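Below you'll find the structure, written out as structure tokens, and then a few comments.
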Amino acid sequence: MLPIIILLPLILGTTLVSWLKNASRGVMAIAAVGVSLSSFLLLLSQAKSVFQGNSLSQSWPWFSQVGIDLSFRLDALGLVFALLITGIGTLIYIYAYYYLSPKNSLSKLYLLLMLFMAAMLGISLSNNLIILLVFWELTSISSFLLVGYWSNYDAAQQGSRMALTITGMGGLAMLGAFILLGQITGTYQIDQILTLAPQIQQDPLFVPILLLVLLGAFTKSAQFPFHFWLPNAMAAPTPVSAYLHSATMVKAGIFLLARLLPIFAGAALYHNIVTSIGLLTLCMAAFFAIFKEDLKGLLAYSTISHLGLIVCLLGIGSPLAVAAAIFHIINHATFKAALFMIAGIIDHETQTRDLRKLSGIWQLLPFTGTLTMITAASMAGVPLTNGFISKEMFFTELLSSLSGPTVVLAAVVATLAGLFAVAYSTRLVHGVFFDGEVGKHVPNKAAHEPAFGMRAPALLLATLCILVGILPALMVEPIVNAATLASTQQADFAGVHLAIWHGFNLPLLMSLIALAGGVLFYFVLARDGRIRRIDLDPKLGPLQGKLIFEAILQQLSRSALKLKKFTESGSLQNYFFWIIIFSIAIVAAPLFNQGISAGGRELTQASWVAIVLWLLLFSACWMLLWFHHERIKAVLISGAIGLVVTMAFLTMSAPDLALTQISVDVVTTVLLLMSLSLLPQLTPYESQRTRRWSDASIAILAGLGIGWITWMILTRDHDSISWFFVQQSLPLGGGSNIVNVILVDFRGFDTFGEITVLGIAAVGAMCMMDGMRIHGTAITPGLTYRFNPSPLMFRMTASWILPLALMVSLYIFLRGHNAPGGGFVAGLVTAMALIIQYIALGQDRAEQLLKANSGRLYESWIGMGLLIAGGTGIASWFWGRPFLTSAHIYVDPPLFSTMHLASAAAFDLGVYFTVVGATMLLISVLGDSRHSTMSGPLPKE
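Quick note: the sequence shown, position 519, residue 519 per the UniProt record's numbering, numbers continuous.
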């Protein structure tokens, strides 16, 4: 059931919205609301059991060898977040239907919101750290797309990039933390890791883990000094802002801290950092919110402030503090979602969010004004609202958990933050609805209350603010206690009692000071409109987070440009030099601790065959060096070197490698000859003698370096794993050809990746070379070598070669699992036979007979090959086996002897089609003379 809750928005929701994009907006809204509500009701069906202390777990093996399984768990903490995500998400879908104008794509917004909802549900329900991280990054990507919804709005694009950069860095830090946790505990299962807190805290890696996790949580939840990305994301549509600020995105970091709290609780470093950062963020953001002129900007900074309050409580870490944090998470979700919806209503009706233009609109929007007063009162912590109770709990826990001078400082900072919160909440109500003449500067003088459907979600949330504020014990106390127990994992937690009145005490005095001081502070600032003229940005100067972030990016860009200019010199010699140096360093690094001398392995005498082959190889390499300026000769000589390597494989009893080498050698030589015919026949000589000597020195040093490293490795004893493949090739892979079994079975996933890369490379080469003529241009006259029809005798001979070659190819393919051969070699043999047809008949006639249509056939072969190979891997899932697990059986058909059948043969068939398609696609593009974007006269044939 748990994956269904995630898959409903991820698969069903996105599919429905895409399918209904041309339907009416109402039908689309009903579908979106129905999907979201279904997930909410599924969660609600488990609420009674989960809030009684039970949990629901489901798991499916995936990459179990490295500890990554599709594991999900629903406990009270996850259920609280999941209910907020789906419940408020449902209200957002309703609100977005009324908010978004018909000229904007509602289907695009719904689709991205569905993706966002699924990602947040995945975070809440994941029981595996790596799976959680996948959903974590999915929230970053989906929020990037949501913030940048207005594609023609520069602020939206800049804000989305900033959000993705900051949260992406945090996600990378979390990846490091999770890997370290897995190394320490031996598992990525969250429920198992939470039971190993003492072991984790005693490990030397605990501090790096803590800092990396906090970096991920602070960037996601916009804590100082990473807070600046959130206000810059306000260019998103208001439904996105309402959802992002109340129940999703910014709450992900909060959830992570609450989920992993048992790991860090008791560590002084954790409590000191998190409490301090939370307090600083709480007060700083509340102060900045007072002076923001954009209505959504004010709410954004208030969100940062309230997130700081929650982080501070989680930093305190006591069960009562965690209970207060969870209670405030619920409260903040209700009043902040409502306030953003109200901001959208005001903007929708008055056509402005600028607080300098919004004044006295109570008479225009009285219903909206009433909702604003209720939700703003909850945000400010006014009695009889839910925000008041959680704020009192915050003050209480702050005073009881600290001691000495620290508690005095914390109390002052918290009271100031409360005072600032009252001030910006008062400005939100008074400055928008009562200050000044009625709609004097409002662009739309005819503003009026919107449709009830647009106000209904905010009305429901405002009602909850009052009901929870008056009846907290009845409404949310069991939920808060169950979620606190799930977060802290402390069985002795007796629960917290939520009540309106706790008598006259210091927290109440702090609240009264904040209420009275906040109202007074605002009206002093608002006298004669002074608050509208105060701009903090110039006073902060270069200390603004956005400016610092942009300065860092500019410095990185400049450094990258300098590095690019240094490395991309346009000199092939320089590129080879750095590649060789890097290669030698990487290979030699593991040998540094073992010395640079030869090993003590017993050597054998070189046979006369080895000496002959060495002399042939030396001679061919020397000829290549001598003729390297003549491109065609150089290619032919390199082909000869490949033949020598083939003979070496044969002498070493490696027929599979020999077959592969000679096939690749022939095909590669043909491709190189065709490619080089597009270029001048001679490469330019070195301009200076010193350059020739420097190139020679680099080549000699590189050869000696690679040769010496090879000698050091070969003369050392090593532990080979060949015995495993020798013993298990037949019983596990069903084949006696060990090389082929390794490729299609033991390392089938690698082979699948390799043929995928081969197919992509062929298609990429086709895109780059499309239109090139094999005969060259007036600027770079190449050879007149083309696929024109050959003499009659050659055409007749080729007609006999093709069927014979196809029979040989089939033979090589069928015997590959038990004897030298296989799909790769068979594919190259088939490709060589088809190349001969191209040469004999000419490209036009050959493609006409093959119905290749200038390469389109070969593209389909590549696709078919990948589909067959991938389908073979997927088929193993139907038998409950991992991807690409092969099977083999023995059958006794009538009239035949016992036959051995292996599913790996189907995978090898996919390899065959991909190799043939990729090779012939390159041949067809290189030989295509019918499509050209080049100009210039053609040379005479």
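Cβ atoms here follow ideal geometry from the backbone N, Cα and C, with glycine treated the same way.
Please read all numbers here as calculations on a predicted model, not as lab measurements.
Contact check, residue i vs residue j, beta carbons under 8 Å
i	j	result
Lys667	Met832	The sequence given here has Val at residue 667, not Lys. Closer than 8 Å, so yes.
Ile193	Leu181	yes
Val240	Tyr98	no
Ala902	Gly735	yes
Tyr685	His629	yes
Ile755	Leu866	yes
Thr187	Gly78	no
Ile123	Ala252	yes
Gly317	Ala265	yes
Asp745	Ser886	yes
Ile345	Thr368	yes
Gly297	Pro204	no
Residue interval of the alpha helix (DSSP H) (run including residue i)
i	result
Ile273	268-290
Tyr890	Taken as a continuous stretch (DSSP letters only), Tyr890 belongs to no alpha helix (DSSP H), being part of the beta strand (DSSP E) at 888-891.
Asp347	319-350
Ala702	689-714
Phe746	From DSSP, Phe746 is part of no alpha helix (DSSP H); its letter is neither H nor E.
Val442	It is not in any alpha helix (DSSP H) - Val442 carries neither H nor E in the DSSP assignment.
Leu260	Unbroken run through Leu260: none, as it is neither H nor E.
residue 960	Only positions 1 to 941 of the chain appear in the structure, and residue 960 is not among them; the question remains open.
residue 958	Outside the shown range of the chain (1 to 941) lies residue 958, about which nothing can therefore be said.
Thr14	14-19
Val480	477-488
Ser359	Careful: Ser359 lies outside any alpha helix (DSSP H) and carries neither H nor E.
Tyr838	823-841
Where residue i falls, given that 16 or more other Cβ within 10 Å makes a residue buried
i	result
residue 974	Nothing in the structure corresponds to residue 974, since the chain is present only between 1 and 941.
Glu397	buried
Trp60	exposed
Ala553	Correcting the residue type first, residue 553 is Leu in the shown sequence and not Ala. By the neighbour-count rule (16 or more Cβ atoms within 10 Å), Leu553 is not buried but exposed.
Gly776	In this predicted model, Gly776 has a pLDDT of only 41, less than 50, meaning its place in the structure is not dependable enough to derive any value.
Leu783	For Leu783, the pLDDT reaches just 40, beneath the cut-off of 50, and the residue's location in the model is therefore unreliable, leaving the point undetermined.
residue 968	Nothing in the structure corresponds to residue 968, since the chain is present only between 1 and 941.
Gln189	buried
residue 974	Because the chain is modelled from 1 through 941, residue 974 falls outside the range shown and cannot be assessed.
Thr830	buried
Thr780	Unreliable placement is indicated for Thr780, whose pLDDT of 43 sits below 50; the coordinate value is still reported in the next sentence. Exposed, by the Cβ-count rule.
Thr14	buried
Gln727	exposed
Residue i - DSSP class collapsed to helix/strand/coil
i	result
Glu293	coil
His502	coil
Gln189	strand
Asp656	helix
Leu806	helix
Phe226	coil
Arg881	coil
Leu402	coil
Ala798	helix
Asp354	strand
Asn128	strand
Leu603	coil
Glu568	coil
Ala236	coil
Leu901	strand
Ala610	helix
Leu616	helix
Leu682	strand
Ala377	helix
Ser24	coil
Limits of the unbroken beta strand (DSSP E) element including residue i
i	result
Phe63	56-63
Leu74	68-74
Inter-residue CB distance, residue i and residue j (contact presumed, cutoff 8 Å)
i	j	result
Thr484	Ile326	6 Å
Phe434	Trp362	6 Å
Ala411	Met510	7 Å
Val80	Cys283	Not a contact, Cβ separation roughly 27 Å.
The ligand MN heavy atom lying under 7 Å from the CB of residue i
i	result
Pro237	As presented, the structure is devoid of all ligands, the ligand MN included, so that no description of it is given.
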